[in-house]
Amino acid sequence: MHKAATRVQSADTEGCGPLLPSARETAQSLRQQVFEHVRGAGRAARADITAALDISAGSATTLTAELIASGYLREVEGTPREAGRGRPRVSLEVVPEAAFVIGIKLAFNRHTAVLSDFAGNVVADVDFPSTDGRREMTQLLDETEELIARLLARSGKTRSDVRGVGVGLPGIIDHARGIVAWSSLLLSREVDMAAAFDARFDFPLFLDNDANMLTLAELWFGQGRDMADFAVVTIESGVGMGLVLGNQLYRGANGMGLEIGHTKVQLDGALCRCGQRGCLEAYIADYALTREAATALDHRFHPSDSPETVLNTLFQKAKSGHTSAETIFRRAARFLSLGLSNVVQLFDPALIILSGERMQYDYFYARNVLDEMQKMTLNEGRQPCKVAINAWGDLVWARGASALALSQVTEALIGGEGRS
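Read in order, the letters of the sequence shown correspond to residues 4 to 423 in the numbering used here.
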């Protein structure tokens with residue numbers, strides 16, 4: 004019998020960023036590899052850097068001296084060479100004030116944003132309810148500008164302090180070109196968000212799908228830091244997925260893959276917000292559950308009732324034994340089992356992390372859900388895929404967006420010199 008999913012609480016650990024080497028690192032300058040190692044460890048002595056990167060002591064000394072002179076690293080007293088004896092050895096750490104980035108999650112119910120320093124620490128955060136329904140890009144950027152203004156006011160920083168902004172939103176996103184091919188937040192398709200952002204703001208935009216941002220949060224700050232391969236499946240107002248292969252975020256050949264919410268699970272099935280029928284999202288996302296709630300409960304909800312209110316009412320009724328309400332959740336959970344089995348079958352990840360607001364509903368990670376996932380998967384010769392529930396708060400999506408910005412800003416400031 005397969006065990007129920009493990010619920011984990013992500014705790015802040017020393018340092019940030021992926022801890023395992025990836026193919027991407029071989030293309031980084033040695034100077035950047037040194038910097039990334041120090042940031043990942045939190046603190047590191049020169050001898051640690053020498054051993055970890057397999058470089059000479061002279062190279063470590065030269066490269067760290069350059070990074071110190073440039074204002075990116077600084078020396079701090081470390082631990083004694085022997086417990087309780089000897090002078091503390093000198094360690095290095097990132098200078099947090101060397102650069103600041105902003106991470107933003109744009110969503111249906113609430114927008115969130117964080118300002119992070121160069122060491123990955125959150126300096127300030129803000130959130131506020133978003134506009135209901137779809138909108139034009141101009142309005143979405145108005146809301147983005149309001150987020151940035153509030154964030155800077157709270158942190159005491161100015162626009163000139165910000166080196167880049169990472170933005171995550173639901174939909175099909177062309178990360179490389181900054182184009183929103185389709186998003187449930189926008190009225191139009193094929194919107195060049197990068198150009199619109201550049202016309203209004205004086206710092207670079209790094210755009211991606213919001214599920215990729217959450218996956219980056221796991222890779223940079225969560226339990227995925229020391230894992231080579233894992234998947235993240237999110238269930239909120241939509242259904243998303245992110246995938247890490249070789250300790251690196253995988254986006255697909257065109258940077259627009261892993262849209263599990265829009266994989267088809269029923270021919271000519273329920274209508275999805277994307278305009279097609281039979282998508283997984285059309286059976287388990289917020290709007291799929293609220294669509295049937297009024298009928299199941301024989302209750303007319305007020306137009307002002309939020310999806311959260313409707314879903315909480317539905318869940319409470321289901322847990323109290325209301326048969327129709329319980330049927331809605333159990334049916335949605337079966338579709339989730341199907342989606343998860345497809346993830347395992349296609350990518351064979353060591354771990355799937357289920358995340359998002361709907362993880363408060365235990366129907367989505369009950370034992371029978373995972374048992375059914377295993378039954379629908381060809382498991383001959385395969386170790387059963389582990390499934391975990393992460394108890395991240397809502398700001399983690401914005402933190403993932405800040406990780407994308409940190410990665411790109413680090414490459415711009417530190418990469419490009421001393422290629423190995």
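Ideal placement from N, C-alpha and C gives every residue a C-beta, glycine not left out. Predicted, not measured: the structure shown is a model, and the values here were computed from it.
{"Query": "Nearest candidate by alpha-carbon position, reference Arg162, set Ala335, Ala63 and Phe103", "Result": "Phe103"}
{"Query": "Close beta carbons around Leu222, own chain, < 7 Å, minus the five adjacent residues each side", "Result": "Pro21, Arg228, Val247 and Leu252"}
{"Query": "Cβ shell of Ser240 (< 8 Å), same chain only, five flanking positions each side left out", "Result": "Ala110, Phe111, Asn112, Pro173, Ser187, Ala288, Asp289, Tyr290 and Pro310"}
{"Query": "Under 9 Å between C-beta atoms of Met259 and Ala197", "Result": "no"}
{"Query": "Gln363 versus Val346: straight-line alpha-carbon distance, rounded", "Result": "22 Å"}
{"Query": "Sub-9 Å separation of Gly169 and Leu407 beta-carbons", "Result": "yes"}
{"Query": "Burial state of Lys108, where buried means 16 or more other Cβ atoms lie within 10 Å", "Result": "buried"}
{"Query": "Neighbour-count burial assignment, Phe367, 16 or more Cβ in a 10 Å radius", "Result": "buried"}
{"Query": "Closest Cα partner of Leu219 within the set Gly403, Gly18, Glu17 and Val412", "Result": "Gly403"}
{"Query": "Segment contact, 8 Å Cβ cut-off, at least three pairs: the segment 265–278 with the segment 191–206", "Result": "no"}
{"Query": "Same chain only: Cβ atoms within 7 Å of Ser410, ignoring 5 sequence neighbours per side", "Result": "none"}
{"Query": "C-alpha gap between Cys282 and Ser133, whole angstroms", "Result": "25 Å"}
{"Query": "Beta-bridge partners of Arg113, as assigned by DSSP", "Result": "Pro132"}
{"Query": "Buried versus exposed, by CB contacts within 10 Å (16 or more), Val412", "Result": "buried"}
{"Query": "Run of the beta strand (DSSP E) containing Gly171, from where it starts to where it stops", "Result": "Val165 to Leu172"}
{"Query": "His265 versus Ser94: straight-line alpha-carbon distance, rounded", "Result": "48 Å"}
{"Query": "Simplified DSSP assignment, three categories, for Leu208", "Result": "strand"}
{"Query": "Opening and closing residue of the beta strand (DSSP E) in which Asn393 lies", "Result": "Lys389 to Asn393"}
{"Query": "Per-residue burial, Gly255 [other beta carbons within 10 Å of its own, 16 or more giving buried]", "Result": "exposed"}
{"Query": "Close Cβ partners of Tyr286 (< 8 Å) along its chain, the five nearest in sequence each way excluded", "Result": "Val268, Gln269, Gly272, Ala273, Arg334, Ala335 and Phe338"}
{"Query": "Nearest to Ser327 (by Cα), restricted to the options Gln279, Leu292, Glu360 and Ile355", "Result": "Leu292"}
{"Query": "CA nearest to the CA of Gly18, picked from Gly45, Ala30 and Arg34", "Result": "Gly45"}
{"Query": "For Ile417: DSSP bridge partner residues", "Result": "Beta-bridge pairing links Ile417 to no other residue."}
{"Query": "Residue environment, Val79, which counts as buried when at least 16 other CB atoms sit within 10 Å", "Result": "exposed"}
{"Query": "Inter-residue spacing [alpha-carbon to alpha-carbon] between Leu143 and Ile175", "Result": "16 Å"}
{"Query": "Spatial neighbours of Val3 in its chain, beta-carbon cut-off 7 Å, leaving aside the 5 residues before and after", "Result": "For residue 3 there is no data in the structure shown, the boundaries of the chain being 4 and 423."}
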